[in-house]
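With the numbering used here applied, the sequence shown covers 9 to 342.
Every residue, glycine too, gets a C-beta built ideally from N, C-alpha and C.
Here the structure is laid out as structure tokens; the discussion comes afterwards.
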Amino acid sequence: MEYKTVEKGIFNGINVVEYSMKNEELEVRFLNLGGAITKIALASDDYSENLVLAYENIESYFDNGCYLNTIIGRTSNRIKNGIFELNGQTINVDLNNGPNNLHGGAQCLTYANFDVIEIPSGYALTTTLPHQENGFPGNLSVKVCYLLDKNNFKVTYEATTDQDTIVNLTQHAYFNLSGNLKENIYNHELQIKADYVAEVDENLSFTTQLVPVKGTLFDFNQPTIVNHKSKEVLPLFEHTSGYDHLYLLSDIDHAVVFKHLDSNRTLKVSTTSPSMQFYAGNFLTPDLTFENGRMGENHLGACFETHLVPFDFESQVLKPGEIYTQETTFTFTK
């Protein structure tokens with residue numbers, strides 16, 4: 009394994025460093041800021057074809073409304089009205105997405121300055137979210153490991169707390185297997201092993217109703233070209249402008265297969281988490297600038313955000329003395 013660090017400069021008082029790890033099959037780069045992944049590339053492409061979106065300028069990661077490629081928490085996805093029950097008490101957390109708390113609130117792991125250390129097979133990223141930040145109880149200590157094993161990129165999550173709280177972490181990577189953003193995700197084939205999606209209302213809040221996918225545009229149980237689905241779904245799901253839906257996974261060991269049809273590059277996702285938000289990059293607007301001056305456009309990247317069911321708060325409860333653990337593996341082939 010080859011490790012490297014490159015100092016990108018001081019921005020907003022933070023010394024931003026890009027870390028890289030590279031083996032004989034895969035290279036991954038990321039920042040200490042938010043754990044933002046800046047590159048994933050295969051050795052079979054001479055490590056030259058980036059399979060994730062990356063901003064052109066470091067400054068964009070400080071105004072990262074897309075949560076581009078960052079670690080998400082202390083919670084993932086939307087909490088309707090910013091309200092949940094904990095130990096019989098109603099907890100109100102900050103709203104940052106209309107009537108929702110999204111990804112833990114305005115001060116979240118996306119903007120955390122992680123401490124990063126080299127470990128066998130990768131890096132460990134650690135930080136602490138303070139008690140009552142965004143309204144959440146407890147000082148939450150977070151450890152995320154980025155690990156390489158052959159062509160597998162594994163992300164592991166751990167968290168501990170000094171007070172009862174909730175925690176639900178994920179990685180918000182935007183994948184585009186065309187390489188260096190040659191095209192959008194329409195020329196990709198997608199398979200998601202799931203029988204149900206969660207219904208959302210006009211505010212993208214969860215209603216907690218589950219909708220069977222069979223016979224609908226949500227059904228990706230068989231490999232399906234994203235192009236066909238995305239074009240059809242837009243008139244039907246005006247609130248989301250495309251796919252931005254929670255899938256209840258039926259096979260966590262084979263949750264996702266995402267394949268670029270021309271290059272045959274393929275991403276497989278396995279996880280310990282019971283659900284996954286499939287987001288088709290519906291708001292990647294032209295004011296965003298990615299590597300090589302590539303302007304943003306809708307559906308330029310796909311996110312597979314594996315996590316606990318966002319509205320099942322009991323499953324997210326973490327108490328002092330307990331350790332929250334989850335992991336997701338991204339496997340790349342060509």
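Counting the other CB atoms within 10 Å of its CB gives V175 a total of 16 or more, which places it among the buried residues. Contact between A120 and G42 holds, since their C-beta atoms are separated by about 6 Å, short of 8 Å. Counting only runs that start and end inside the segment 107-134, the beta strand (DSSP E) elements of at least 3 residues fall at 108-110 and 123-127.
Residue environment: T333 is assigned as exposed (fewer than 16 neighbouring CB atoms within 10 Å of its CB, all protein chains considered). Fully enclosed beta strand (DSSP E) runs of no fewer than 3 residues occupy 34-39 and 45-50 of the segment 32-71, in order along the chain.
The Cβ-Cβ distance between I193 and H307 falls below 8 Å.
Annotation: the continuous beta strand (DSSP E) that includes M284 extends over S283 to Y287. For A202, the enclosing beta strand (DSSP E) begins and ends at A202 to V208.
Counting along the chain, G17 sits inside the beta strand (DSSP E) bounded by residues E10 to F19. According to the DSSP assignment, F340 belongs to the beta strand (DSSP E) that extends over Y332 to T341. Here T314 is not near T339, since their CB atoms are 8 Å or more apart.
Considering only T13, F183, N100 and L296, the residue with the shortest C-alpha distance to R273 is F183. Nearest in C-alpha terms to N142, of all of K158, T134, N109 and D170, is N109.
In the three-state reduction of the DSSP assignment, N195 falls in the helix class. Taking 8 Å as the cut-off, the Cβ atoms of A132 and K162 do not count as close. In the same chain as T216, and ignoring 5 residues on each side of it, the C-beta atoms closer than 7 Å to its own belong to F319, in chain order.
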